[in-house]
Amino acid sequence: MLDTNSFDLRRFLQGGGHSFGVWVALVAMILFGLLRYENFGSAYNISSFLNYNAMFIVISVGMCFVILTGGIDLSVGSVAAFTSVIAAYLSPFGIEVALPGAVLAGLAIGCLNAIFVVAMRIPPFIATLATMLGAKGGALVISGAQTISIDWTSNFTKLGMENAFGLLPWTIVITAFVVIALWVVLERTSLGRTVLAVGGGEDASTMMGLNVNRAKVFVYALSGGCGGLAGVFLASGFGAGQPLEGVGWELSAIASVVVGGTLLTGGMGTVGATVAGALLLGLVFNILNFENGRGVISLSAYWQMVIRGGFLFVVILLQSQLASRAKGVTQ
Amino acid sequence: MSATVAIMRERFDPSRHGALLALAVILLFNLLVTPNFLQAQTLFVNISQVATIAIVAMGMTLVIATGGIDLSVGAIMALSGALAPLIFLSDFAAANPTLGLTASIVVPVFVALCCGIFNGVLVSFLNVQPIVATLIFFISGRGLAQVLTNGNLQTFTNPSFSYLGTGRVLGLPFQGWLVLLIALILYWVVTRSIFGRQLLAVGGNERAARLSGIPVHRVKIGAYVICAGLSGLAGLIVVAINSASDAARIGNLMELDAIAAAVVGGTLLQGGRAPIFGAILGAVIIQLVKYTLLANGIADEVALIAKAGIIIAAVYLQQARKE
Amino acid sequence: MTDFIQMTGIGKSFAGIIALKDASLAIRPGEVHAIIGQNGAGKSTLIKILTGVYRRDAGDVRKDGKPLAVSTPREAQDAGIATIYQELSLVPLRSVTENVVMGYEPRTRFGLIDWKAAHARTREILARFGVDVDVTRQLGSYSTAIQQLVAIARAVSLDAKLVIMDEATSSLDDQEIETLFSVVRNLRDSGVAVLYISHFLDELYQICDRVTIMRDGQTVATHVVAETTKLGLVSEMLGRDASEIQAAGLTALSGGHGNPGEVLLEAEGLRSKTGLRGTSFNIRKREIVGLGGLLGSGRTEAARAVFGLDAVSEGRVRHHSGAALDTPAQAIALGMGFLTEDRKADGIIPHMSVRENITLAMLPRLKRMGAVDRERERELVAHYIDALQIKTSGMEQPIRELSGGNQQKVLLARWLALEPEILILDEPTRGVDVGAKFEIQSIIRKQVADGLAVLLISSEFEELVEGADRIVVLQEGRSVSELQNPGITEGALINAIAHHHERSVA
Numbered sequence: 003m004l005d006t007n008s009f010d011l012r013r014f015l016q017g018g019g020h021s022f023g024v025w026v027a028l029v030a031m032i033l034f035g036l037l038r039y040e041n042f043g044s045a046y047n048i049s050s051f052l053n054y055n056a057m058f059i060v061i062s063v064g065m066c067f068v069i070l071t072g073g074i075d076l077s078v079g080s081v082a083a084f085t086s087v088i089a090a091y092l093s094p095f096g097i098e099v100a101l102p103g104a105v106l107a108g109l110a111i112g113c114l115n116a117i118f119v120v121a122m123r124i125p126p127f128i129a130t131l132a133t134m135l136g137a138k139g140g141a142l143v144i145s146g147a148q149t150i151s152i153d154w155t156s157n158f159t160k161l162g163m164e165n166a167f168g169l170l171p172w173t174i175v176i177t178a179f180v181v182i183a184l185w186v187v188l189e190r191t192s193l194g195r196t197v198l199a200v201g202g203g204e205d206a207s208t209m210m211g212l213n214v215n216r217a218k219v220f221v222y223a224l225s226g227g228c229g230g231l232a233g234v235f236l237a238s239g240f241g242a243g244q245p246l247e248g249v250g251w252e253l254s255a256i257a258s259v260v261v262g263g264t265l266l267t268g269g270m271g272t273v274g275a276t277v278a279g280a281l282l283l284g285l286v287f288n289i290l291n292f293e294n295g296r297g298v299i300s301l302s303a304y305w306q307m308v309i310r311g312g313f314l315f316v317v318i319l320l321q322s323q324l325a326s327r328a329k330g331v332t333q
Numbered sequence: 090m091s092a093t094v095a096i097m098r099e100r101f102d103p104s105r106h107g108a109l110l111a112l113a114v115i116l117l118f119n120l121l122v123t124p125n126f127l128q129a130q131t132l133f134v135n136i137s138q139v140a141t142i143a144i145v146a147m148g149m150t151l152v153i154a155t156g157g158i159d160l161s162v163g164a165i166m167a168l169s170g171a172l173a174p175l176i177f178l179s180d181f182a183a184a185n186p187t188l189g190l191t192a193s194i195v196v197p198v199f200v201a202l203c204c205g206i207f208n209g210v211l212v213s214f215l216n217v218q219p220i221v222a223t224l225i226f227f228i229s230g231r232g233l234a235q236v237l238t239n240g241n242l243q244t245f246t247n248p249s250f251s252y253l254g255t256g257r258v259l260g261l262p263f264q265g266w267l268v269l270l271i272a273l274i275l276y277w278v279v280t281r282s283i284f285g286r287q288l289l290a291v292g293g294n295e296r297a298a299r300l301s302g303i304p305v306h307r308v309k310i311g312a313y314v315i316c317a318g319l320s321g322l323a324g325l326i327v328v329a330i331n332s333a334s335d336a337a338r339i340g341n342l343m344e345l346d347a348i349a350a351a352v353v354g355g356t357l358l359q360g361g362r363a364p365i366f367g368a369i370l371g372a373v374i375i376q377l378v379k380y381t382l383l384a385n386g387i388a389d390e391v392a393l394i395a396k397a398g399i400i401i402a403a404v405y406l407q408q409a410r411k412e
Numbered sequence: 026m027t028d029f030i031q032m033t034g035i036g037k038s039f040a041g042i043i044a045l046k047d048a049s050l051a052i053r054p055g056e057v058h059a060i061i062g063q064n065g066a067g068k069s070t071l072i073k074i075l076t077g078v079y080r081r082d083a084g085d086v087r088k089d090g091k092p093l094a095v096s097t098p099r100e101a102q103d104a105g106i107a108t109i110y111q112e113l114s115l116v117p118l119r120s121v122t123e124n125v126v127m128g129y130e131p132r133t134r135f136g137l138i139d140w141k142a143a144h145a146r147t148r149e150i151l152a153r154f155g156v157d158v159d160v161t162r163q164l165g166s167y168s169t170a171i172q173q174l175v176a177i178a179r180a181v182s183l184d185a186k187l188v189i190m191d192e193a194t195s196s197l198d199d200q201e202i203e204t205l206f207s208v209v210r211n212l213r214d215s216g217v218a219v220l221y222i223s224h225f226l227d228e229l230y231q232i233c234d235r236v237t238i239m240r241d242g243q244t245v246a247t248h249v250v251a252e253t254t255k256l257g258l259v260s261e262m263l264g265r266d267a268s269e270i271q272a273a274g275l276t277a278l279s280g281g282h283g284n285p286g287e288v289l290l291e292a293e294g295l296r297s298k299t300g301l302r303g304t305s306f307n308i309r310k311r312e313i314v315g316l317g318g319l320l321g322s323g324r325t326e327a328a329r330a331v332f333g334l335d336a337v338s339e340g341r342v343r344h345h346s347g348a349a350l351d352t353p354a355q356a357i358a359l360g361m362g363f364l365t366e367d368r369k370a371d372g373i374i375p376h377m378s379v380r381e382n383i384t385l386a387m388l389p390r391l392k393r394m395g396a397v398d399r400e401r402e403r404e405l406v407a408h409y410i411d412a413l414q415i416k417t418s419g420m421e422q423p424i425r426e427l428s429g430g431n432q433q434k435v436l437l438a439r440w441l442a443l444e445p446e447i448l449i450l451d452e453p454t455r456g457v458d459v460g461a462k463f464e465i466q467s468i469i470r471k472q473v474a475d476g477l478a479v480l481l482i483s484s485e486f487e488e489l490v491e492g493a494d495r496i497v498v499l500q501e502g503r504s505v506s507e508l509q510n511p512g513i514t515e516g517a518l519i520n521a522i523a524h525h526h527e528r529s530v531a
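Chains Y, D and L are the protein sequences, given in the same order.
First residue of the first sequence: 3, per this note's numbering; consecutive thereafter.
First residue of the second sequence: 90, per this note's numbering; consecutive thereafter.
First residue of the third sequence: 26, per this note's numbering; consecutive thereafter.
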């Protein structure tokens, strides 16, 4: 009998059994990189890789929660753009103000999504599409469609540059903290299990007396908050609020979640596999850069998108094979 | 009892009449406020702008009617829009102008159709959720277009090709007539043809449709192929209007406009309904809102927020009607 | 004895349509109480008011003599009322344990879920029912019977004082039902009241102490089950005289009197991934062939295989024309039809009109230059609405607005319009009221007299025994014997199923 009592690596990795592939692919890719490129395993590469991908990891994890309820959040990219501008405007007051301020702004947009979806019963796809446009418009309006430089004299700049406890950049530390916290929420709290149950069957969850609406409000607010945090990372990474950024982020996040084996219909998936999915998609770029660096091939940045799409295609093919095999077994 | 309900429904359908009402309000507002609104130039500008949205929205309507969605329309527009100048600016086209021009229209549309087949096969045979299946081209399609053009802006002067975007028939923009022609054909397809009936049945209840012997896979692929083909065509029109092709910009955010237009026009997201003229109505509303704000000196950005409001209102009305 | 739950004068209407008026219900602690009534009698509305899904317009609900106010399923659960719905109210994607403890998870010191304790508690409760499964596996990987028991385990784990079971046995086989009943008796003996809703009157006599009969949104009467007769209950349910019903017979099918013609379709040694392990039968012109057997014996699976819906790994289906039969489209082209069990999921297209629903399967035949021949379509539809007496405001009315029985008639018309040679009927009268059931059965019999061949699947033994000319008995995916009408009795059929069952075990 599978024992899932305490911390169980297999449960963490596998979730519903759909996500094993992503870990294999991730390990394979890392091994490939380590063997092929000299500096791949260097502290600098690892640190800058994680630093850059932190924002994608954060929004992917938020997206994962939304998708687990069977919903979707298309607004995260715009939210990040919007909150990066907020963070830039608030940067003179220091990180203590800018970070919570931007996260709260994201949270507010997430709550708006929650109102549309839960109270007004608008399908998540459409509701978040609208807030996506709204947040994008908002970002452009408040910034005058210009990038807003952050205050270089404030401590806001420390976020991306200075190491926490002299070890890792703050960005990475914060991201790790968020990921672990959300992993615990999903695996070990009633709220997290309700999120999974809602995606597995909304009516059944209501009948079981679970607070479905609370779970939905939670995931949209969370995703908005994650978008807000990503906005802070974006501003610190580029040294400016970026109202034009964030285009297509929501789809990258969805791709990470899907690559991580989470069912788009909800009910099954894990935080860990989502992070793995995000890392995997990020590694495609990283390795491409190294490959270009070796000078053997020279692929323009445009190829990255093509390769990403191809990658998604392969993963989807594998998943649909797995899914149909799983179906054959249960029947 | 139910008969009166049926009559009442016919008389007031908020999802359709709401849109008409919105159109009336916008027109009235423009007549009162916008300077020079009642001029032929205004009509021309709006028709030529709305045509691409309307063409893609009609395709999107068919896809949504099967219960799907197509995120790749903008990317497919970019792909076909990048291909066309590549072809008619090539040495081959310089040698055979007519053939080159034909190829520059036929080949991009053919490539778009292939993208549609790809989307449709993923959705039907491999049972991939439409959002994910079309995400592949959404991500890679534009990349492919940029790879083809090396990310360069292609400018050209080719009057024959530009006719697609700047030509006039009976004094009105050519693409306006094209929209009308496509709409009439699709309206016939949806309401009269076997394929149309099958399309709505698949969207209404896929399992029941399969059991009734309807070729569900073929019908779905058909919807994605039509949608992709229309997107390809729209890409060509955009390029023709601008006499320039920028793969990064053609059809950018078009998927959102098209979905919004379809929904505003009364398409049910869960499938089973395909109001073709509704999609055009939706496209016109979205275009007019954009135009109104622009003509009154309000920033383009605010138009995004307005569009968001329209989408929410339209779907909320749809939802309210269902309950 | 004081009542545990007392509902009096309950009224409820939906959009002006009265669902309940002055309904009442009294449940004593530690009794198994049945509610019966036709579809639309108000049973489920009454239950949903008790469980907080709906809010009542009028009336009074008391628990242990004190007013009870519940407005959500959660509050009902906290008040000790647990419900097991017909369509399972569990989450198949999640584990057994999660489904039992969801919302009431045991916690560790840090306020996090204590999975160890949760698994242990789940195992312990299920062990009481004699169920030993891996509680960490997905619930959906277990049989419906296990899932039902998990639902009950959830109720027990919540210390429910009243367990409501809505059509709990409708998809279980005899053995599973026996297990379920022993669990129900167990609950009763420990002082838990069970409210039992079922279409199967026989079950009432096996398990229930008292029965409440509902009709047209009102409570007609409550009896001690032992003091009632089946006929008496039916007559109270229908509001008709007992003698009237007896004269009419229980079904309008009467098999065994026709003279079947040549063989139209032959299934030989079918094996499939869906669970067929050697199913053989044939269908002849002008006859109704019944498929008898328990749930999981492969009845629906055999029908699906014959219709080209599921692939056959071994054996073959021979159509008399010799043509291949691999897809529903081919089957339809060969003159076959399949009225499925699940009307909502596999049958109606809710947005579409009655007209469009009727002609769905025959679109290729209505083709005229790529378009639907509307004139012929209307003619045909008008004919079938009339012939089957479908109650609709017109052929353009959306099918979703029709009653269940009329929807079923539309679907029957969909297949009859094809003028099929062979019609597969999977539970053709499930969930339709008695009147419509009678009509549907008459239509089928008439069509058979005119030459139609029918493959009939029904969980109601009466329908099968009286209706079929022959019954092919299936067991674990194998056809094991064949009974011939006239002469089949319910006892004989049950015997045939049970007999083979014993042999296969031995």
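The beta carbon of each residue, even a glycine, is placed where N, CA and C say it ideally should be.
Quick check on this structure: which residue in the options has the alpha carbon closest to the alpha carbon of residue i?
i	options	result
residue 405 (chain L)	L:433, L:378, L:438, L:396	L:438
residue 476 (chain L)	L:258, L:288, L:381, L:225	L:288
residue 513 (chain L)	L:314, L:81, L:377, L:334	L:314
residue 65 (chain Y)	Y:39, Y:113, Y:177, Y:273	Y:273
residue 381 (chain D)	D:369, D:395, D:368	D:395
residue 408 (chain D)	Y:307, Y:128, Y:194	Y:128
residue 454 (chain D)	D:208, D:250, D:368, D:367	Outside the shown range of chain D, which is 90 to 412, sits residue 454 (chain D), and nothing can be said about it.
residue 401 (chain D)	Y:245, Y:255, Y:225, Y:114	Y:114
Run through DSSP, which three-state label would residue i get?
i	result
residue 315 (chain L)	strand
residue 39 (chain Y)	coil
residue 249 (chain Y)	coil
residue 227 (chain Y)	helix
residue 244 (chain D)	strand
residue 344 (chain L)	strand
residue 157 (chain L)	coil
residue 385 (chain L)	helix
Rounded to whole angstroms, how far is the Cβ of residue i from the Cβ of residue j, which I believe are closer than 8 angstroms?
i	j	result
residue 490 (chain L)	residue 518 (chain L)	6 angstroms
As an exercise, report each continuous alpha helix (DSSP H) stretch of at least 4 residues that is fully enclosed by the region 47-125 of chain L, in chain order. Segments of the alpha helix (DSSP H) lying fully in the region 47-125 of chain L: 68-75, 98-103.
Practice task
Taking a Cβ distance cut-off of 9 angstroms, strictly less, list which residues of the region 369-403 of chain D are near chain Y, in chain order.
Solution key: Residues 388, 389, 390, 391, 392, 393, 394, 395, 396, 397, 398, 399, 400, 401, 403.
| query | What are the residues of the region 345-375 of chain L that lie near chain D, defined by any Cβ-Cβ distance shorter than 7 angstroms? | reply | Against chain D - using a Cβ distance shorter than 7 angstroms - the residues of the region 345-375 of chain L are 353, 354, 357, 363, 365, 370, 371, 372, 373, 374, 375.
### Query
At a Cβ cut of 9 angstroms, what residues of the region 182-207 of chain Y count as close to chain L, listed as they run along the chain?
Residues are counted here when their Cβ sits less than 9 angstroms from a Cβ of chain L; for the region 182-207 of chain Y these are 186, 189, 190, 191, 192, 194, 195, 196, 198, 199, 200, 201, 202, 203, 205, 206, 207, given in chain order.
message: By the 8 angstroms beta-carbon criterion, what residues does the region 160-193 of chain L contribute toward chain Y?
response: Answer set for the region 160-193 of chain L: 161, 162, 163, 165, 166, 179.
task: Let me know the beta strand (DSSP E) ranges lying completely inside the region 171-212 of chain L, each 3 residues or longer, listed in chain order.
output: Counting only runs of 3+ residues, the beta strand (DSSP E) found wholly inside the region 171-212 of chain L occupies 187-191, in chain order.
Cβ-based contacts, 8 angstroms cut-off: residues of the region 212-223 of chain D near chain Y:
Answer in chain order: 215, 216, 217, 218, 220, 221, 222.
| query | Any residues in the region 277-291 of chain D with a beta carbon nearer than 8 angstroms to a beta carbon of chain L? Which ones, in chain order? | reply | Along the region 277-291 of chain D, going in chain order, the ones with a CB nearer than 8 angstroms to a CB of chain L are 277, 281, 282, 283, 284, 286, 287, 289, 290.
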